[in-house]
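Asks:
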Amino acid sequence: MAVDTLDLHIEEPGQVVGFLGPNGSGKTTTIRCMLGLIRPTAGSITLLGSEMPAGASLALARVGALVENPKFFEEFTGRRNLRLLGRIHGIQRKEIDQILNQVGLADAADMKVRKYSLGMKQRLGVAATLLKDPELLVLDEPANGLDPAGIVEMRRLLRDLGDSGKTVFVSSHQLGEIEQVCDEVVIIDHGKVVTSGPVDKIVNTSSSNALIVTIENTEQARKVLEEKGFTVSSRTNNQIEVKPAPENPATITQILADAGIYLTGLRTEEGNLEEVFLGLTEGRSGDML
Ligand SMILES: Nc1ncnc2c1ncn2[C@@H]1O[C@H](COP(=O)(O)OP(=O)(O)OP(=O)(O)O)[C@@H](O)[C@H]1O
Ligand SMILES: [Mg+2]
29 MAVDTLDLHI
39 EEPGQVVGFL
49 GPNGSGKTTT
59 IRCMLGLIRP
69 TAGSITLLGS
79 EMPAGASLAL
89 ARVGALVENP
99 KFFEEFTGRR
109 NLRLLGRIHG
119 IQRKEIDQIL
129 NQVGLADAAD
139 MKVRKYSLGM
149 KQRLGVAATL
159 LKDPELLVLD
169 EPANGLDPAG
179 IVEMRRLLRD
189 LGDSGKTVFV
199 SSHQLGEIEQ
209 VCDEVVIIDH
219 GKVVTSGPVD
229 KIVNTSSSNA
239 LIVTIENTEQ
249 ARKVLEEKGF
259 TVSSRTNNQI
269 EVKPAPENPA
279 TITQILADAG
289 IYLTGLRTEE
299 GNLEEVFLGL
309 TEGRSGDML
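Sequential numbering from 29 applies to the sequence shown in my numbering.
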């Protein structure tokens, strides 16, 4: 079973919602169901008020979707591909230029798609979803294959789209990006939702803060702290990690000083979405591995 009793609501428009899960957890299957591309064996899906897949023609007119690799005419330029698609929606040339600009393809607009890199094709895919000025964008791993600069641009684009009042539902493996750009996040595993809610709430409710202690004799310090009941692990040859971090870091300084050990550095490392994700999905990297 790819998706099992998955319960998911996005009520408020203008939100950027991250959809996360390990490989094979059911993200693409869920997105396909949402868009009416496949029919679930049980359950119901309402997209912008229309029951899917029956209401697909009504709902999809207001949705821009990018699911896996979009297909374009390889022998045509990016601009020509968009113009062709744009004709369906009565889009003017000027608007196409603006969209090309928005996705960072202005310079490559007159190049044949055959010569596009993976990242450029991905951007063209996003551009195509923007043509009909959709209320809802459903993007399955839009940052796939993008270089670091491209990822940053994609992040800005998603944020801009959210800020302009569009709802963006985006699946991704780039947890750092999701953490920075999304208002809400849904994490699934084995086809079930394991957690969902505002990003900051999910990151902060996890007791994932750690205290990084820099010290000369890490083994000795580790022993002393473990005797006091702390969970300690090695970081580097002169750093140890105390996790969960004690409420008052001075406790650590005190315990070590009492044992005649003097630390040279102490800092709190805040938990992040990656740790929460790995914790909830047991660090799985797909079923095949
Ligand atoms: N057409 C299909 N026929 C049979 N099983 C499928 C099919 N498509 C997907 N699956 C299975 O459904 C499960 C969920 O797959 P899905 O593609 O939805 O995962 P995903 O979360 O999108 O993964 P990824 O991060 O790799 O894109 C997997 O176990 C996969 O093997
Ligand atoms: Mg997928």
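Backbone N, C-alpha and C fix where the C-beta goes; we use that ideal spot for every residue, glycine too.
Run the proximity test for D168: is its beta-carbon closer than 7 Å to any non-hydrogen atom belonging to ligand 2?
Replies: yes
Asks: Count the other C-beta atoms from every protein chain shown that fall within 10 angstroms of the C-beta of G225, then say buried if there are 16 or more, exposed otherwise.
Replies: exposed
Asks: Assuming the contact rule is C-beta atoms closer than 8 Å, L36 and V221 should be a hit. Round their C-beta distance to whole Å, please.
Replies: 6 Å
Asks: The alpha helix (DSSP H) that contains R108, what's its start and end?
Replies: For R108, the enclosing alpha helix (DSSP H) has its first and last residue at 106 to 116.
Asks: So the candidates are L146, P277, V213, I116; which of them puts its Cα closest to the Cα of D175?
Replies: L146
Asks: Give a single yes or no on whether T56 has its beta carbon closer than 7 Å to a heavy atom of ligand 2.
Replies: yes
Asks: State the start and end residues of the unbroken alpha helix (DSSP H) segment that holds R60.
Replies: Going by DSSP, R60 is part of the alpha helix (DSSP H) stretching over 55 to 62.
Asks: For ligand 1, is there any heavy atom lying closer than 7 Å to the beta carbon of N97?
Replies: No; taking the cut-off as 7 Å, the Cβ of N97 has no heavy atom of ligand 1 nearer than that.
Asks: Answer yes if the stretch 146 to 162 comes into contact with the stretch 107 to 122, meaning at least three C-beta pairs across the two stretches below 8 Å, and no otherwise.
Replies: yes
Asks: Out of L112, L75, L48, E297, which has the shortest C-alpha to C-alpha gap to L165?
Replies: L75
Asks: Just verifying my parser: in three-state terms, what is the DSSP assignment at E302?
Replies: helix
Asks: From the DSSP output, read off the bridge partner residues of Q267.
Replies: T242, T264
Asks: Near R263, what residues of its chain come up, given a Cβ to Cβ distance below 7 Å and the 5 sequence neighbours on each side ignored?
Replies: Excluding residues within five positions, the ones whose Cβ falls inside 7 Å are I240, E269.
Asks: Check G190 in the structure and name its three-state DSSP category.
Replies: helix
Asks: Which same chain residues, not among the five before or five after R151, have their C-beta less than 7 Å away from its C-beta?
Replies: V131, G132, L133
Asks: Looking at the structure shown, is E297 part of a helix, part of a strand, or coil, going by DSSP?
Replies: strand
Asks: Report all residues from its chain with a CB closer than 7 Å to the CB of M182; omit the five preceding and five following residues, and keep chain order.
Replies: P170, A171, L174
Asks: How about the stretch 38 to 45 and the stretch 65 to 73: do they share at least three Cβ pairs that are nearer than 8 Å?
Replies: no
Asks: If you draw a straight line from the alpha carbon of L253 to that of V260, how long is it in whole angstroms?
Replies: 7 Å
Asks: For N97, which residues in the same chain have their Cβ closer than 8 Å to its Cβ, ignoring the five residues on either side in sequence?
Replies: So the list reads K149, G153, once near-sequence residues are dropped.
Asks: Kindly indicate which residue of N276, A285, A238 has the alpha-carbon position closest to the one of E303.
Replies: A238
Asks: Looking only at its own chain, which residues have a Cβ that is under 6 Å from the Cβ of D32, when we skip the five neighbours before and after it?
Replies: G219, K220
Asks: Per DSSP, what kind of secondary structure is A363 in: helix, strand or coil?
Replies: The structure shown does not extend to residue 363, since the chain spans only 29 to 317, so no value can be given for it.
Asks: Tell me, to the nearest whole angstrom, how far the beta carbon of I280 is from that of L294; I am working on the premise that it is less than 8 Å.
Replies: 7 Å
Asks: Please classify G77 as buried or exposed, where buried requires at least 16 neighbouring CB atoms within 10 angstroms.
Replies: G77 is classed as exposed because its beta carbon has fewer than 16 other beta carbons within 10 Å across all chains shown.
Asks: With 16 as the cutoff for other CB atoms within 10 Å, does N129 come out buried or exposed?
Replies: exposed
Asks: Buried or exposed, going by whether 16 or more other CB atoms sit within 10 Å of the CB of M316?
Replies: With a pLDDT of only 46 at M316, under the threshold of 50, the placement of this residue in the model should not be trusted, and no figure is reported.
Asks: Under 7 Å Cβ to Cβ from P277, same chain only, skipping five residues before and after it: list those, please.
Replies: L239, L294, T296
Asks: The alpha helix (DSSP H) spanning K149 covers which residue range?
Replies: Under the DSSP assignment, K149 falls in the alpha helix (DSSP H) whose first and last residues are 146 to 158.
Asks: Between E207, R108, L113, D188, which lies nearest to A136 when the distance is taken from Cα to Cα?
Replies: R108
Asks: Please classify R121 as buried or exposed, where buried requires at least 16 other C-beta atoms within 10 Å of its C-beta.
Replies: exposed
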